[in-house]
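One structure is given below, encoded as structure tokens.
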Amino acid sequence: MKQLMKGNEAIAEAAVRGGCRAFFGYPITPQNEIPEYMSFRMSEVGGVFLQAESEIAAINMVYGAAGSGARAMTSSSSPGISLKQEGISYICGADLPCVIVNMVRGGPGLGGILPAQSDYFQAVKGGGHGDYHMLVYGPSTVQEAVNIMYDAFDKADKYRLPVMLLGDGMLGQIMEAVELPEMKDVNSFPKKKWATDGSGIGADRRVINSLFIDPDSLEKQNHSLFSKYELLKRNETQYEEYMTEDAEYILVAYGTVARVCRSAVDILRERGIKAGLFRPVTLFPYPTNRLYQIADKEELKYFLSVELSMGQMVEDLKLAVNGKKKVKFFGKVGGNVMSPEEIVDNLVSKIEEN
Amino acid sequence: MEQKIIIAGFGGQGVLSLGQLIAYASIEEHKEVTWLPCYGPEMRGGTSNCSIVISDKIIASPIVDWADCVIVMNRPSLEKFSPKVKAGGILIINSSLIPDSYEKANLCVIKIKANEFAEETGSVKNANLVLLGAYVGKSGIFSLETISTVINEKFSGKPKLIPGIKEAFRIGYEIGQKY
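Quick note, the sequences are listed as chains A and P, same order.
Numbers in my numbering are just positions in the first sequence, counted from 1, shifted up by 972.
Numbers in my numbering are just positions in the second sequence, counted from 1, shifted up by 337.
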């Protein structure tokens, strides 16, 4: 049975059904419906909800809860996610699983409260200090966000790293019909043999730590982290293609912007312009290999990266295409979102320039 | 079938809830729907709006460039959103608060004293239901059973209000049908 739900609330419910039993957060627009929903839902399922005194406290509570084996999450929006970066780096250094939601708003600084994608670099390149990555998803509909969130804790546990759901204000605030999955049985989850839950004594004692003072140990830890990222690239890369088969121009966009691009592709096709859409679903790992393949298509003239930023994902697109085809860019910022017509006009003017 | 609607007015006039009723009715009739509210700085200035897309197919963009129907409940909204109605589209004006004459070629302009009609049903808060009625009466997009089901469900916590709400809808519906 489909029901009408706001993005933020649907994501929170999907987290609960996916096994989340600990939520720590601090309020910020445009994601407040997530902690609001969790504040009553967590007690209903026997979990923990705590509004921390700050974002920094919240992420460190996630660190502690994750270390003891709980399925823990936090959510925030851009300025709040910046505050969490130190904690995220520690969590990654200590090989701990958790889930983080960032409903991105315009920046830098306090910026605005409207939708943006200007935290792309922060999400996919690391964000905090040190060499690390997270598994980052950029869902484009409420249903896709629900499906991703439902399995996010399984992925986090499997690879022992944070999973980030990178949305934007629009995804958080929109209402759509969604089909919610069944509640997962928390007793069915695999035991965590590393968790500091009181088990393990003497030689088997368990330690959660991100300090590796001996250089060889730290080097080993860095290599171990990156071998996980290789696994992610092999197993978790996801993308969607729309009318790319015979396309002369391929729009590349993620999240809600990809929906606007899809409408733009329909309009362009009606006007006889062979446009297509490539939508990365995972932003780390980025679908590099597939884009490299597509770039070989003879009829393809160029890619157009469409983003709510001054041009961030366009860099990964260029790395993927590796000079085989031109990569152009169209972006809007400040919380303004482009309409399908604006994308059409931008592409058409670029075609006419040539 | 695809219908794009913009609803705008002051905060407190029931702009967002009117949009939600349309969204719930769409789900009731197994259509795809998106409801996108404004939540930005304009809200702080006291105005409010939302965009709704209804379709038989999966909805790509929830952003409305050109609307099949625009419902405006106050004058700033008329100025801002009336240029967004498609040729051949519907513009519904709450003339209780926007008494000016408004004519435009290629548009079906429905002027309706929603506040006064709503007061007749017991509460000025029903003005949004009068306008919903006008939209459904003109467009025929939902069956009357669907609307009745949605109203019964969404106002089940306040059963005393339901007769007034249904009456407000009926008044608007009959006016909408005449256009």
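Beta carbons are placed, not taken as given, at the ideal position from N, Cα and C, and that holds for glycine.
For clarity, every value in this text was computed on a predicted model and none was experimentally measured.
- Distance from the CA of A:D1317 to the CA of A:M1310, rounded to the nearest whole angstrom, comes to 11 Å.
- Here A:F1275 is not near A:K1304, since their CB atoms are 8 Å or more apart.
- Within chain P, no C-beta atom comes less than 9 Å from the C-beta of A:R1251; the nearest is roughly 11 Å away.
- A:I1006 sits close to A:N980, with the two beta carbons spaced by under 8 Å.
- For A:E1217, the three-state secondary structure derived from DSSP is coil.
- In the same chain as A:F1093, and ignoring 5 residues on each side of it, the C-beta atoms closer than 6 Å to its own belong to Q1284, in chain order.
- Residue contact with chain P for A:Q1003: absent (no Cβ-Cβ distance below 8 Å to any residue of chain P).
- For A:G1306, not one C-beta of chain P is nearer than 8 Å to its own C-beta.
- A:S1112 places its beta carbon 8 Å or farther from that of A:S1281.
- Here A:A1042 carries a coil assignment [DSSP, helix/strand/coil].
- Annotated three-state conformation of P:K417 is helix, per DSSP.
- Contact annotation for A:Q1089 against chain P: no contact, minimum CB-CB distance about 15 Å [criterion: below 9 Å].
- Contact annotation for P:A360 against chain A: L976, M1147 [CB-CB distance below 8 Å, chain order].
- Using a Cβ-Cβ cut-off of 8 Å, P:A345 does not count as an interface residue toward chain A, since no Cβ of chain A sits closer than that to its own.
- In this chain, the alpha helix (DSSP H) harbouring P:G509 covers 499–515.
- Scanning its chain for C-beta atoms nearer than 7 Å, with the 5 sequence neighbours on each side dropped, one finds around P:N443 the residues A424, G425, in chain order.
- Counting other Cβ atoms within 10 Å of its Cβ, P:G494 stays below 16 and is therefore classed as exposed.
- Taking 9 Å as the cut-off between beta carbons, the residues of the segment 1069–1085 of chain A near chain P are G1084, I1085, in sequence order.
- Contact check between the segment 368–388 of chain P and the segment 1157–1169 of chain A: fewer than three CB pairs, one atom from each, fall below 8 Å, which does not count as touching.
- Note that the segment 1284–1293 of chain A does not touch the segment 1061–1072 of chain A; fewer than 3 beta-carbon pairs, one per stretch, sit closer than 8 Å.
- For P:N431, the number of other beta carbons within 10 angstroms of its own is at least 16, and it is reported as buried.
- Burial of A:Q1003 is indicated by the presence of at least 16 other C-beta atoms within 10 angstroms of its C-beta.
- At a cut-off of 8 Å between C-beta atoms, A:R1243 does not count as an interface residue with respect to chain P.
- Each residue's CA atom was taken as its position, placing A:D1218 and A:A1247 some 8 Å apart.
- In this structure the segment 437–451 of chain P lies against the segment 405–424 of chain P, because at least three pairs of beta carbons, one per stretch, are closer than 8 Å.
- One alpha carbon belongs to P:E339, the other to A:N1181, and they sit about 55 Å apart.
- With three or more CB-CB distances shorter than 8 Å, the segment 1140–1155 of chain A counts as touching the segment 1224–1235 of chain A.
- Taking 8 Å as the cut-off, the beta carbon of P:D402 is found no closer than this to the beta carbon of A:E1058.
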